[in-house]
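Reading through the structure tokens given below for one structure.
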Amino acid sequence: MSERVLIAGGSGFLGSHLSDLFLSRGYRVLCMDNFSTGNRRNTAHLSDNPHFEAITADITEPVRVDGDLAYVLNFASPASPPDYLKMPIETLKVGAWGTYHLLELAREKNAVFLQASTSEVYGDPDITPQPESYWGNVNPIGPRSVYDEAKRYGEAMTMAFHRHFGVKTRLLRIFNVYGPRMRPNDGRAIPNFVTQALRNEDITVYGDGSQTRSLCYVADEVDGIFRLAMSDESDPVNIGNPSTEITMLALAETILKRSGSKSKIVFRDLPKDDPKQRRPDITRAKAILGWEPFTSLEDGLGKTIDYFRDLQSAGEI
Ligand code: UDP
1073 MSERVLIAGG SGFLGSHLSD LFLSRGYRVL CMDNFSTGNR RNTAHLSDNP HFEAITADIT
1133 EPVRVDGDLA YVLNFASPAS PPDYLKMPIE TLKVGAWGTY HLLELAREKN AVFLQASTSE
1193 VYGDPDITPQ PESYWGNVNP IGPRSVYDEA KRYGEAMTMA FHRHFGVKTR LLRIFNVYGP
1253 RMRPNDGRAI PNFVTQALRN EDITVYGDGS QTRSLCYVAD EVDGIFRLAM SDESDPVNIG
1313 NPSTEITMLA LAETILKRSG SKSKIVFRDL PKDDPKQRRP DITRAKAILG WEPFTSLEDG
1373 LGKTIDYFRD LQSAGEI
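Converting from the sequence shown to the working numbering requires adding 1072 to each position, the first position being numbered 1.
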């Protein structure tokens, strides 16, 4: 019998791509979601797959799962700034209590536990690129703290289970990821810019658009995550694309050109504590996992625009 993997947040953007990947590598997948930001459509194509099960559950409550588990992957959390600003308490609870409940489950099942952490643990970084050894520059009481501090707490809890109980744990720090199955209205830069461009509406750049992000295409990201799950590395590993760092103004211009849109760019207020720069140092991922991303921004954006265009043709955006 093949090994079974629990993916919490399995109907979200990353969780659903991970479900596909684990199934394609011969694993059985148990997808758990409370659908606060996940979408059933993301895993609808798996519903007839005998190796795929889906349950609706909220990990802020203790989690009971019958049967064996070889891996517990925690991808359950609102992850876009507008989502976590709308759901501050839920975000803190899922990052803290949710992580704790899944760690207890991994301990009970003797499973490997993988925590989806984030480049947000680096806050508004004062060094670039950011290596895992950097402790970060986070405002503990600012609006973004509900996510940043929950994720930092999740890392502390994960390391405590590792050190105190010997649970096999993995800490993944995700930088900005994009691709098909992002929610069109999740409020992040790429879904906003692409949907605005496709509708020929104004493209909203926050601040002067000089802030940067490094954008990793989802297929590259899940490949790195899979390798980390399979490794025996318990210290944090950055998984992101350092070669695509781009200002938000340049990103808006690229999407405008690429989609053949008639939109114009407009400038709106910069959200508080918005990081000015973000670029992963992936030296550890390369050395430990033999991983690096290979999708160019050009190719990845093309596939993403096609996905949103299909949603538009189906009348869904
Ligand atoms: N942003 C923007 N316009 C938008 C949405 C986001 O200029 O319509 C900016 C946002 O202020 C940030 C960057 O794009 O500087 C990336 O934001 P996103 O929400 O995608 O992710 P973050 O990296 O901040 O979590």
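Positions of the beta carbon are idealized from the N, C-alpha and C atoms, including for glycine.
Quick caveat, the model's predicted, so the values are computed rather than measured.
Residue(s) in a DSSP beta bridge with residue i
i, result
"ILE1337", "ILE1275"
"SER1189", "ARG1245"
"THR1128", "ASP1105"
"ASN1257", "The partner list for ASN1257 (beta bridge, DSSP) is empty, contrary to what the question assumes."
"PRO1352", "GLN1202"
"THR1319", "THR1284"
"VAL1184", "TYR1143"
"VAL1309", "LEU1244"
"TYR1250", "TYR1289"
Span separating the alpha-carbon of residue i from that of residue j
i, j, result
"GLN1384", "SER1088", "21 Å"
"TYR1289", "LEU1174", "27 Å"
"ASP1220", "TYR1156", "10 Å"
"ILE1161", "MET1320", "29 Å"
"ARG1136", "LEU1086", "23 Å"
"ARG1253", "TYR1379", "8 Å"
"ILE1377", "GLY1362", "30 Å"
"ASP1105", "PHE1094", "17 Å"
"GLY1214", "TYR1225", "16 Å"
"THR1241", "TYR1172", "13 Å"
"SER1306", "TRP1169", "21 Å"
"PRO1263", "ARG1097", "29 Å"
"ALA1322", "GLY1281", "8 Å"
"LYS1334", "GLY1251", "23 Å"
"VAL1239", "VAL1077", "16 Å"
"THR1284", "GLU1317", "6 Å"
"ALA1142", "ALA1116", "24 Å"
"GLN1349", "ILE1079", "30 Å"
"PRO1153", "LYS1344", "11 Å"
"PHE1298", "ARG1340", "38 Å"
"ILE1360", "ARG1245", "14 Å"
Proximity test, residue i beta-carbon vs ligand 1 heavy atom, cut-off 6 Å
i, result
"PRO1215", "no"
"ALA1291", "no"
"TYR1219", "no"
"TYR1278", "yes"
"GLN1202", "no"
"ASP1155", "no"
"MET1320", "yes"
"ARG1260", "yes"
"ASN1313", "no"
"ASP1307", "no"
"ASN1257", "no"
"ASP1346", "yes"
"ASN1272", "no"
"ARG1224", "no"
"GLN1349", "no"
"ASN1264", "yes"
"ARG1285", "yes"
Member of the options whose CA lies at the smallest distance from the CA of residue i
i, options, result
"ASN1257", "GLN1268, ARG1113 and VAL1249", "GLN1268"
"GLU1388", "CYS1103, ARG1271, THR1326 and GLY1362", "ARG1271"
"VAL1338", "GLY1251, ASP1274, ASP1371 and ALA1126", "ASP1274"
"GLY1312", "ASP1280, PHE1265 and PHE1366", "PHE1366"
"SER1119", "ASP1140, TYR1143 and ASP1092", "ASP1092"
"GLU1176", "ILE1318, PRO1308 and VAL1144", "VAL1144"
"LYS1336", "LEU1342, ASP1345 and ALA1324", "ALA1324"
"ALA1222", "ILE1246, LEU1244, ARG1179 and THR1190", "THR1190"
"ASN1310", "HIS1123, GLN1187, GLY1167 and PHE1107", "GLN1187"
"VAL1184", "GLN1202, ASP1140 and ALA1261", "ASP1140"
Buried/exposed call for residue i, threshold 16 Cβ in 10 Å
i, result
"THR1355", "exposed"
"MET1073", "exposed"
"ARG1113", "exposed"
"THR1128", "exposed"
"MET1302", "exposed"
"PHE1237", "exposed"
"GLY1110", "buried"
"ASN1182", "exposed"
"ASN1209", "exposed"
beta-carbon residue i near ligand 2 non-hydrogen atom, thresh 6 Å
i, result
"ASN1248", "Only ligand 1 can be found as ligands here, which leaves ligand 2 out of the picture."
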